[in-house]
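Residue numbers (our numbering), protein chains in the order written: chain S, 931 to 1120; chain X, 931 to 1120.
Just so it is clear, CB atoms sit at the ideal spot from N, CA and C, and this is done for glycine as well.
Working notes for the structure below.
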DNA sequence: CGGATCGTTGATCAACTTCAACGGTCGTGG
DNA sequence: CCACGACCGTTGAAGTTGATCAACGATCCG
């Protein structure tokens, strides 16, 4: 609750007097490790802000393996935004990677909140715009490098993240098998 | 100019009286095929809306081959959003795939426009949110399918686009070589 | 007509996956 | 508190996928 208000203030310059009321549109939840907040087939009616811990958005491919599309650490938003926008069933799961405390807002409450505080449109615009930029960058990284280079540049750029997250999840994010990641690590050490 | 006003009205429900003045913050340009609107190393100080034609965002990888990150057809926005936000040099190119007519707004003019018409924050919020959703979907497609399936599902989903765009550009978007795309097409026909 | 651009074809090669098996560690219930 | 099982990381061999390279055709445009 503190973290969300801080973030809104920092990004959109909204005064604390308002952020308090804004926060009242949310509810705070605690989730255990591996707990699911969204399952394939459900409508994703919620938008999530991670205050503490880590969530991930993933899906299960045809061969049954899981592929994670995004992680959300502290101060990141996460949702299936097509399901959230259209209220159609999702093709994704959202799951806690660690025990986490998360601020949650329903689609309807978000609309109400935006009507009451139009300045929050700017906040979300900036959030999504930033993600858009980050995605362009990620696409560049993915196409520009071999998987080996991808892993190396990723782990030197986000060393703390590589520590926090199990290797098989990192592999499922970077797009290769845990076995291959093992090979890469072996070479790197020697 | 018509197309942009229509789009703003449709997405954010802004009345024609306002969209006219909003449009005055833009200027319209014509670009020739293969003309560059942005080069690597330049600051991307502009945001582009395609009224007619097609643009692409791409970069050149270490081996010199081009990789296109996004296409923008009619009624799509395009920019390097990290460079646009931070005013730092871009790592990308923006180029016309076809002769195009494009609405252009500078970073500063966009800020002025948003101050005068705060409802446009909502418009851009919805645009970026939609892109965010589309990106999640694209990530799923890329990881869920072999390159062969990727091409087939893409070309059955966007047949008109596959017609419009040369094959080597499509290959550079899907992430493989033109030669390999050729192989796939041969198999598909027979 | 002539040159550049784009698509095609086939051979070779590297990157990465798959499968199967083993070892360590963590947490939970007895 | 110990022991068992589940989970996670590792290893190596064999098999695929897709890249690379080089050469040739076709088409478009000046």
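- Annotated as proximal: residue 1062 (chain X) and residue 1061 (chain S), with beta-carbon spacing under 8 Å.
- Around residue 978 (chain X), the same chain offers 967, 985, 1002, 1007, 1008, 1009, 1024, 1032, 1033, 1034 as residues with beta carbons nearer than 8 Å, after the five sequence neighbours per side are excluded.
- Listed by position along chain X, the residues whose Cβ is nearer than 9 Å to that of residue 1085 (chain S) form an empty set, because the closest Cβ is around 19 Å away.
- Here the alpha carbons of residue 989 (chain S) and residue 998 (chain S) stand approximately 7 Å from one another.
- With a threshold of 16 other beta carbon atoms within 10 Å, residue 1058 (chain S) meets it and is buried.
- Taking 8 Å as the cut-off, the Cβ atoms of residue 1083 (chain X) and residue 996 (chain X) do not count as close.
- Measuring C-alpha to C-alpha distances from residue 1042 (chain X) to each of X:953, X:933, X:946, X:1115 identifies X:953 as the nearest.
- Here the stretch 1037 to 1052 of chain S makes contact with the stretch 945 to 961 of chain S; the two share three or more CB pairs at distances below 8 Å.
- Between residue 973 (chain X) and residue 1013 (chain X), the C-beta spacing is below 8 Å.
- Taken atom to atom, the span from the alpha-carbon of residue 1089 (chain X) to that of residue 1108 (chain X) is near 18 Å.
- For residue 997 (chain S), the three-state secondary structure derived from DSSP is strand.
- The three-state secondary structure of residue 968 (chain X), taken from DSSP, is strand.
- Residues of the same chain with a CB within less than 8 Å of the CB of residue 942 (chain S), apart from the 5 flanking positions on each side, are 1049, 1050, 1052, 1053, 1056 in chain order.
- Closest in alpha carbon position to residue 1011 (chain S), among X:1067, X:1091, X:1021, X:1117, is X:1067.
- Here residue 1104 (chain X) is near residue 1081 (chain X), since their CB atoms are less than 8 Å apart.
- The beta carbon of residue 945 (chain X) does not come within 8 Å of any beta carbon belonging to chain S, so the residue lies off that interface.
- Residue 958 (chain S) and residue 946 (chain S) do not touch by the CB rule: their CB atoms are close to 18 Å apart, not below 8 Å.
- The C-alpha of residue 1022 (chain X) is placed about 21 Å away from the C-alpha of residue 1077 (chain S).
- Between the alpha carbons of residue 982 (chain S) and residue 1065 (chain X) lies a distance of about 25 Å.
- As the crow flies, the alpha-carbon of residue 1091 (chain S) is around 38 Å from that of residue 1039 (chain X).
- In the structure shown, the three-state DSSP call for residue 1088 (chain S) is coil.
- For the 8 Å CB-CB criterion, residue 1029 (chain S) and residue 961 (chain S) form a contact.
- By the CB criterion at 8 Å, residue 987 (chain S) and residue 1036 (chain S) fall outside the cutoff.
- For residue 1015 (chain X), the enclosing alpha helix (DSSP H) starts and ends at 1011 to 1016.
- For the 8 Å CB-CB criterion, residue 980 (chain X) and residue 1004 (chain X) form a contact.
- In this structure, residue 1093 (chain X) keeps its C-beta atom at 8 Å or more from the C-beta atom of residue 1111 (chain X).
- Close CB contacts of residue 964 (chain S) within its chain, under the 6 Å cut and outside five residues either way in sequence, are absent.
- Here the C-alpha atom of residue 1113 (chain S) lies approximately 54 Å from the C-alpha atom of residue 939 (chain X).
- Contact annotation for residue 1065 (chain S) against chain X: 1065 [CB-CB distance below 7 Å, chain order].
- Only residues of its own chain outside the window of five on either side were considered, and among them 973 have a CB closer than 6 Å to the CB of residue 1017 (chain X), listed in chain order.
- Beta-bridge partners assigned by DSSP to residue 1007 (chain S): S:979.
- As DSSP reads the structure, residue 934 (chain X) sits in no beta bridge.
- Going by C-alpha positions, residue 1086 (chain S) is about 46 Å away from residue 944 (chain X).
- For residue 1069 (chain X), the neighbours in chain S by C-beta distance under 7 Å run, in chain order, 999.
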